[in-house]
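Peer 1: Next up is a structure, given as structure tokens.
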Amino acid sequence: MNSEYDLSGFICPLSLVKAVTVIDNLGDGEVVKLILGDSDSLKSVVGELKVRNIRPSFVKDGENRFVLTITK
Amino acid sequence: MVNRDNFLQGEELDHKLRVYTDITQLIASPENPTPLVRVNRINPNKDFQIYLKLERYNPFGSVKDRIVYQMLKALDIGDMTVIEPSSGNTGIALACVANALGIPIEIVVPEKIPEEKKVMLRFLGAKLMEADDALCPVFPSEGARGLVNAVIKSPATKGNYTSPNQYENKLNVEAHYRTTGPEIWQQTHGKVSYFFAGFGTCGTISGIGKYLKEKNPGVKIIGVEPASQDHKLPGMKRITGLAEEYVPTILDSSVIDDIVAVTDDDAYGIAMELARKDGIPVGPTTGAMLYVAMRYARSNKGLAVVISPDDAFKYASFYQNFL
Chain A
1 MNSEYDLSGF ICPLSLVKAV TVIDNLGDGE VVKLILGDSD SLKSVVGELK
51 VRNIRPSFVK DGENRFVLTI TK
Chain B
1001 MVNRDNFLQG EELDHKLRVY TDITQLIASP ENPTPLVRVN RINPNKDFQI
1051 YLKLERYNPF GSVKDRIVYQ MLKALDIGDM TVIEPSSGNT GIALACVANA
1101 LGIPIEIVVP EKIPEEKKVM LRFLGAKLME ADDALCPVFP SEGARGLVNA
1151 VIKSPATKGN YTSPNQYENK LNVEAHYRTT GPEIWQQTHG KVSYFFAGFG
1201 TCGTISGIGK YLKEKNPGVK IIGVEPASQD HKLPGMKRIT GLAEEYVPTI
1251 LDSSVIDDIV AVTDDDAYGI AMELARKDGI PVGPTTGAML YVAMRYARSN
1301 KGLAVVISPD DAFKYASFYQ NFL
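Quick note, the sequences are listed as chains A and B, same order.
Note that my numbering numbers the first sequence so that position 1 is 1, with each residue one more than the last.
Note that my numbering numbers the second sequence so that position 48 is 1048, with each residue one more than the last.
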């Protein structure tokens, strides 16, 4: 199942906490898009994904809109 | 909507017979002080008497009861939820007062506080969030503060939450200036010559320090901090080496005469010795402050007061590792 979570309304580290909840609940092979609204959030979430060995694809979709697509 | 008439303190009460119309009336004040108890068997120097100010005798079990009531009373809550970072004691006091007033409450705690405190917060019905200390680069080593800051400022949650913000709230200092300081002065008949407190939000040391210095500029105010950033002294903060922007803005460093660092082993060791020889069960932060007071006792004369923020019972799982 593909899902999209718009976390752009949350600043770091609340965005990270929300993202971790999404990632923790992902099933194997599941794909999600995380939309983040600031560079601190992007940095934190990417760092968390790195720790978990998850490599996201990244698109900058506007001035303050970052889209990470991840597959668990 | 919070009805300010719900704040009942000031209504008829009787400290002598201990009859109250509201639990918050039990919060310590100069008319109803927490006990000052002398340490006897572990302090061999009779010329340097050490008294503990036992804040566990506040109704919700800690020194934080004093500040929470004042901060909550002044907060424009409306229909918002109150959220606060806490290593436990402020959270417990906030939850109790908020429950009495029907205010929804969320507490963000560092992950590594004792389980006992987390259980208490859940028991009180507070919504609990746990934050890793390294969670937020904006507040290094203080993830809980960072998370509350984000909840208050995020566009998606802004306007739904308000925070007393004990690290920046001047009422934190004022509560101690108006109550704890005068209590110590009265209880020692003005003879206090040394006061020991830890750095946390820094409200206690700043408020009491200011009051005592005004009464007698010769009183020495000694600040106690953990020997490293990675410690097991919940609620205590290492100020030395901390970048200025992370030092609580309410800290009044002008009242502080000396800063001494203490290791976990020394703090837990003296706290256990106190319990075993003097029968006073205190928390590890009291142990840290008492350890420093005992060092002063080796080469000084006078009357010392050590603030004891809470008790040993909240730290049973931590003490287990030192037994």
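Every residue gets a Cβ at the ideal spot worked out from N, C-alpha and C, and that includes glycine.
No experiment lies behind these values; they were computed from the predicted model shown.
1) I'd like to know if B/LYS1153 contacts chain A, where contact means its C-beta is closer than 8 Å to some C-beta of that chain.
2) Among B/ILE1067, B/GLU1130 and B/GLY1125, which one has its Cα closest to the Cα of B/GLN1166?
3) Counting only beta-carbon atoms, is A/PHE66 nearer than 8 Å to chain B?
4) Alpha carbon to alpha carbon, how far is A/LEU7 from A/VAL31?
5) Spatial neighbours of A/ILE54 within its chain, please: C-beta separation below 8 Å, excluding the five flanking residues on both sides.
6) Mind checking which residues open and close the alpha helix (DSSP H) that includes B/GLU1183?
7) Please confirm whether A/GLY9 has its beta-carbon closer than 8 Å to some beta-carbon of chain B.
8) With DSSP as the reference, label A/TYR5 as helix, strand or coil.
9) Tell me which residues share the same chain as B/VAL1173 and place their Cβ nearer than 6 Å to its Cβ, disregarding the 5 neighbours each side in the sequence.
10) Which residue or residues does DSSP assign as beta-bridge partners of B/SER1029?
11) Do you know whose CA, among B/ASN1040, B/ASP1257 and B/LYS1237, lies nearest B/PRO1248's CA?
12) Would you kindly report the start and end of the unbroken alpha helix (DSSP H) that includes B/ALA1134?
13) Thinking C-beta only, is B/ILE1221 closer than 8 Å to B/LEU1212?
14) Any idea which residues DSSP pairs A/SER57 with across the strands?
15) Apart from the five residues just before and just after B/VAL1002, which ones in its own chain have a Cβ nearer than 8 Å to its Cβ?
16) A/LEU36 versus chain B: which residues are under 9 Å apart at the beta carbon?
17) Would you identify the three-state DSSP class for B/LYS1158, choosing helix, strand or coil?
18) If you draw a straight line from the C-alpha of B/PHE1196 to the C-alpha of B/GLY1223, how long is it?
19) Can you check whether the C-beta of B/ALA1156 is within less than 8 Å of a C-beta belonging to chain A?
20) If we define contact as Cβ-Cβ less than 8 Å, is A/LEU14 a contact residue for chain B?
21) Quick one: which residues of the stretch 40 to 62 of chain A get their C-beta closer than 8 Å to a C-beta of chain B? List them in chain order.
22) Have a look at the DSSP bridge pairing and note the partners of B/ILE1307.
23) DSSP three-state call for B/GLY1061: helix, strand or coil?
24) Counting pairs of Cβ atoms below 8 Å between the stretch 1052 to 1061 of chain B and the stretch 1280 to 1299 of chain B, do you hit three or more?
25) Return the residue from the list A/LEU49, A/LYS50, A/ARG52 and A/SER39 that minimises the CA-CA distance to A/GLU63.
26) With a threshold of 8 Å between beta carbons, is B/GLY1146 in contact with chain A?
27) For B/GLY1150, decide whether its Cβ has a neighbour in chain A, counting only Cβ atoms nearer than 8 Å.
28) Is B/GLU1012 helix, strand or coil by DSSP?
29) Going by DSSP in three states, B/THR1081 sits in which element: helix, strand or coil?
30) Determine whether the Cβ of B/GLY1091 lies closer than 8 Å to any Cβ atom of chain A.
31) Chain C beta carbons: is any one of them nearer than 8 Å to that of B/GLY1190?
32) Counting along the chain, where does the beta strand (DSSP E) carrying B/VAL1282 start and finish?
33) Compare the C-beta of B/GLY1159 against all C-beta atoms of chain A and say whether one is closer than 8 Å.
34) Would you be able to state if there are at least three C-beta pairs under 8 Å between the stretch 1023 to 1033 of chain B and the stretch 1178 to 1195 of chain B?
Peer 2: Judging by the given coordinates:
1) Within the second sequence, the letter at position 153 stands for residue 1153 of chain B. Taking Cβ atoms only, chain A reaches closer than 8 Å to B/LYS1153, which makes this a yes.
2) On the second sequence, residue 1166 of chain B is found 166 positions in, with the first residue counted as 1. Answer by Cα proximity: B/ILE1067.
3) Position 66 of the first sequence holds residue 66 of chain A. Judged by the 8 Å Cβ criterion, A/PHE66 is not in contact with chain B.
4) In the first sequence, the residue the question calls residue 7 of chain A occupies position 7. In the first sequence, the residue the question calls residue 31 of chain A occupies position 31. Their backbone Cα atoms lie some 16 Å apart in a straight line.
5) As a position in the first sequence, residue 54 of chain A is number 54, starting the count at 1. Excluding positions up to five away in sequence, the list reads ILE23, ILE70, THR71 and LYS72.
6) In the second sequence, counting from the first residue as 1, residue 1183 of chain B sits at position 183. From DSSP, the alpha helix (DSSP H) with B/GLU1183 extends over 1181 to 1187.
7) Against the first sequence, residue 9 of chain A aligns to sequence position 9. Cβ-Cβ to chain B under 8 Å: yes for A/GLY9.
8) As a position in the first sequence, residue 5 of chain A is number 5, starting the count at 1. Three-state result, A/TYR5: strand.
9) One-based indexing of the second sequence puts residue 1173 of chain B at position 173. Closer than 6 Å at the Cβ level, and outside the excluded window around B/VAL1173, lie GLY1203, SER1206, GLY1207 and ILE1250.
10) Numbered from its first residue, the second sequence carries residue 1029 of chain B at position 29. For B/SER1029, which the question treats as bridged, DSSP gives the partners B/ASN1032.
11) Taking the second sequence and counting its residues from 1, the one referred to as residue 1248 of chain B is at position 248. Among B/ASN1040, B/ASP1257 and B/LYS1237, the Cα nearest to that of B/PRO1248 belongs to B/LYS1237.
12) In the second sequence, the residue the question calls residue 1134 of chain B occupies position 134. No alpha helix (DSSP H) holds B/ALA1134; DSSP gives it neither H nor E.
13) The residue you call residue 1212 of chain B lines up with position 212 of the second sequence. The residue you call residue 1221 of chain B lines up with position 221 of the second sequence. Yes. Within cutoff.
14) Within the first sequence, the letter at position 57 stands for residue 57 of chain A. A/THR69.
15) Locating residue 1002 of chain B in the second sequence gives position 2, where the first residue counts as 1. At B/VAL1002 the pLDDT is 47, less than 50, meaning the model places this residue with poor confidence and gives no usable figure here.
16) Here the question's residue 36 of chain A lines up with position 36 in the first sequence. Here the premise fails: no neighbours, minimum Cβ distance about 12 Å.
17) Counted from its first residue, the second sequence places residue 1158 of chain B at position 158. In the structure shown, B/LYS1158 sits in coil (DSSP, three-state: anything other than H, G, I, E or B).
18) Residue 1196 of chain B sits at position 196 when you count from the first residue of the second sequence. Residue 1223 of chain B sits at position 223 when you count from the first residue of the second sequence. Using only the alpha carbons, I get a separation of about 6 Å.
19) Along the second sequence, read from residue 1 onward, the residue named residue 1156 of chain B stands at position 156. By this cut-off, B/ALA1156 is an interface position.
20) Numbered from 1 along the first sequence, position 14 holds the residue referred to as residue 14 of chain A. With 8 Å as the cut-off, A/LEU14 counts as an interface residue toward chain B.
21) ASP40, LYS43 and SER44
22) Here the question's residue 1307 of chain B lines up with position 307 in the second sequence. The partner list for B/ILE1307 (beta bridge, DSSP) reads B/LYS1053.
23) One-based indexing of the second sequence puts residue 1061 of chain B at position 61. The answer is coil: DSSP assigns B/GLY1061 none of H, G, I, E or B.
24) Taking 8 Å as the limit for Cβ pairs, the verdict is that the stretch 1280 to 1299 of chain B does touch the stretch 1052 to 1061 of chain B.
25) Stepping through the first sequence from its first residue, residue 63 of chain A is reached at position 63. Ranking A/LEU49, A/LYS50, A/ARG52 and A/SER39 by CA distance to the CA of A/GLU63 puts A/SER39 first.
26) Here residue 1146 of chain B is taken as the residue at index 146 of the second sequence, counted from 1. True, the Cβ-Cβ gap to chain A drops below 8 Å.
27) Counted from its first residue, the second sequence places residue 1150 of chain B at position 150. For clarity, residue 1150 of chain B is Ala in the given sequence; the question names Gly instead. Yes, B/ALA1150 counts as interfacial toward chain A.
28) In the second sequence, counting from the first residue as 1, residue 1012 of chain B sits at position 12. Correct three-state label for B/GLU1012: coil.
29) Reading the second sequence from its first residue, position 81 is the one you call residue 1081 of chain B. Residue state, collapsed to three classes: strand.
30) The residue given as residue 1091 of chain B occupies position 91 in the second sequence. Chain A, which has no Cβ nearer than 8 Å to the Cβ of B/GLY1091, makes this no.
31) Protein chains in the displayed structure are A and B, and chain C is not among them.
32) Your numbering for residue 1282 of chain B matches position 282 in the second sequence. Here B/VAL1282 belongs to no beta strand (DSSP E), and DSSP marks it neither H nor E.
33) Within the second sequence, residue 1159 of chain B is the residue found at index 159, counting from 1. Output row for B/GLY1159: interface = no.
34) yes
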